[in-house]
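Step one of this worksheet: look at the structure below.
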Amino acid sequence: MKFKKTQTLQQIASLLQVDFIGDKNFQISGINEIHVVEPGDIVFVDHPKYYDKALKSAATTILINKKVDCPEGKTLLISDDPFRDFNKLTKHFNPFIASKVSISESAVIGEGTTIQPNVFIGNNVLIGKNCVIHPNVTIYDNSVIGNNVTIHANTVLGADAFYYKNRTTGFDKLLSGGRVVIEDYVDLGASCTIDKGVTGDTRIKEGTKIDNQVHVGHDTVIGKKCLIASQTGIAGCVIIEDEVTIWGQVGTNSGITIGKGAVILGQTGVTKSVLGGKSYFGTPVSESREKLKEMAEIKRFLKERKNS
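Below you can see the structure in the form of structure tokens.
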């Protein structure tokens, strides 16, 4: 998530009321999670296990809960609760603005696009040309939809990420300041849910077709010309490369990659990253031919045991 105006280290420290290490005039252009950070970004870290990863990341300002040696060319913000303060930044630079109308005046809708009754379109939404948005679709603020996109009834674009910190007082929510981006010629079935990124984009690329009742988690990127069948659940921060086929009732772990041209057969649990160009089945996932051999061997073993 980029700020509309670049901030200094001192300005951010004053906003959060925290100490800092580094040049007070150091330039900060945004905040991001570890997997999408760029120079100029703030990243937060609150566990020693991840200190090294955050300090060595592309982020140039680290919001951290311990004074450590500051890497050259970077700055630190020292906080007793980086999670809380990261939320403060999201809320300050991307505040929730309640809507009073069904279609925001700030939304831009392209020529030839059809909007059916009872559709909600939030603030700063961009919709391209020749799209069809069917009844009861909800499109949250800042979503971007390309040209020739079809979205069927009851689908929701831009709900919050399912991301919580477990505290003694209960689950503390990480606020979502990212977007959903739908590229050209994408079809979304009825009752799909596409969550926005925490700080970046959840993106569905050109030509992908998604069936009914599919869930796509925060910050996931789905490639070009993919086919995803109904009741599939894709976790957050997943990368699905181009021309992947996923059949019904598949579920995935977060943070994995499904390689180009892979085929995931129905009811598979994708528990790890898989290479492209192959077919996969089962839980835990493995190549479909191997899994079917395993099942045949188990069946043969049980039959022999029964007859012995």
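Under our numbering, the first residue of the sequence shown carries the number 24, and numbering increases by one thereafter.
Beta carbons: idealized from backbone N, C-alpha and C, even for Gly.
Just so you know, these numbers come straight off a predicted model, no measurement behind them.
From what residue to what residue does the beta strand (DSSP E) around residue i run?
i       : result
Gln-30  : 25 to 31
Thr-225 : 224 to 227
Lys-196 : 193 to 196
Phe-43  : 42 to 44
Leu-298 : No beta strand (DSSP E) contains Leu-298, which DSSP labels as neither H nor E.
Thr-84  : 84 to 87
Val-203 : 202 to 205
According to DSSP, residue i sits in a beta bridge with which residue or residues?
i       : result
Leu-250 : Lys-232 and Thr-268
Leu-180 : Ile-162 and Ile-217
His-70  : Partner(s): none; His-70 has no beta bridge.
Gly-256 : His-238 and Gly-274
Thr-280 : Ile-262
Leu-149 : Val-131 and Val-167
Thr-173 : Val-155 and Asp-210
Val-244 : Arg-226 and Ile-262
Thr-137 : Val-155
Phe-304 : Ser-309
What is the DSSP secondary structure of residue i, reduced to helix, strand or coil?
i       : result
Gln-50  : strand
Asp-210 : strand
Val-60  : coil
Lys-188 : strand
Ile-35  : helix
Leu-112 : helix
Leu-288 : coil
Phe-143 : strand
Phe-119 : coil
Taking just the CA atoms, how far does residue j sit from residue i?
i       : j       : result
Ser-296 : Glu-264 : 11 Å
Gly-223 : Lys-329 : 56 Å
Ala-176 : Asn-159 : 6 Å
Gly-200 : His-70  : 22 Å
Leu-348 : Glu-313 : Because the chain spans 24 through 331 in this model, residue 348 falls outside it and cannot be assessed.
Ile-281 : Lys-79  : 26 Å
Thr-173 : Leu-211 : 6 Å
Gln-272 : Met-24  : 32 Å
Arg-323 : Ser-311 : 18 Å
Ile-126 : Gly-145 : 6 Å
Asn-276 : Ser-102 : 31 Å
Asp-183 : Lys-90  : 32 Å
Asp-164 : Pro-140 : 19 Å
Val-131 : Thr-192 : 42 Å
Asp-195 : Asn-88  : 17 Å
Lys-349 : Asp-108 : Look at the range of the chain in this structure, 24 to 331, and you will see that residue 349 is not part of it.
Thr-161 : Glu-206 : 17 Å
Asp-53  : Pro-94  : The question names Asp, but residue 53 is Gly in the sequence shown. Roughly 19 Å between the two C-alpha positions.
Ile-269 : Lys-316 : 21 Å
Asn-235 : Leu-86  : 40 Å
Ile-262 : His-241 : 11 Å
Gln-290 : Gly-181 : 26 Å
Gly-299 : Pro-307 : 17 Å
Cys-249 : Ile-51  : 37 Å
Ala-285 : His-238 : 19 Å
Leu-39  : Ile-287 : 46 Å
Phe-185 : Ala-258 : 9 Å
Thr-225 : Val-167 : 10 Å
Which stretch, first to last residue, makes up the alpha helix (DSSP H) that contains residue i?
i       : result
Ser-311 : 311 to 330
Thr-98  : No alpha helix (DSSP H) contains Thr-98, which is instead part of the beta strand (DSSP E) from 98 to 101.
Could you tell me if the beta carbon of residue i falls within a distance shorter than 6 Å of some heavy atom in the ligand MG?
i       : result
Gly-259 : Ligands are entirely absent from the displayed structure, and the ligand MG is therefore not among its contents.
Are the C-beta atoms of residue i and some chain B residue less than 7 Å apart?
i       : result
Gln-236 : The chain inventory of the structure shown lacks chain B, comprising one protein chain alone.
Does the structure place the stretch 88 to 102 close enough to the stretch 39 to 58 that three or more beta carbon pairs sit under 8 Å? yes
Please determine if the stretch 131 to 138 and the stretch 110 to 122 are in contact, where contact requires at least 3 C-beta pairs separated by less than 8 Å. no
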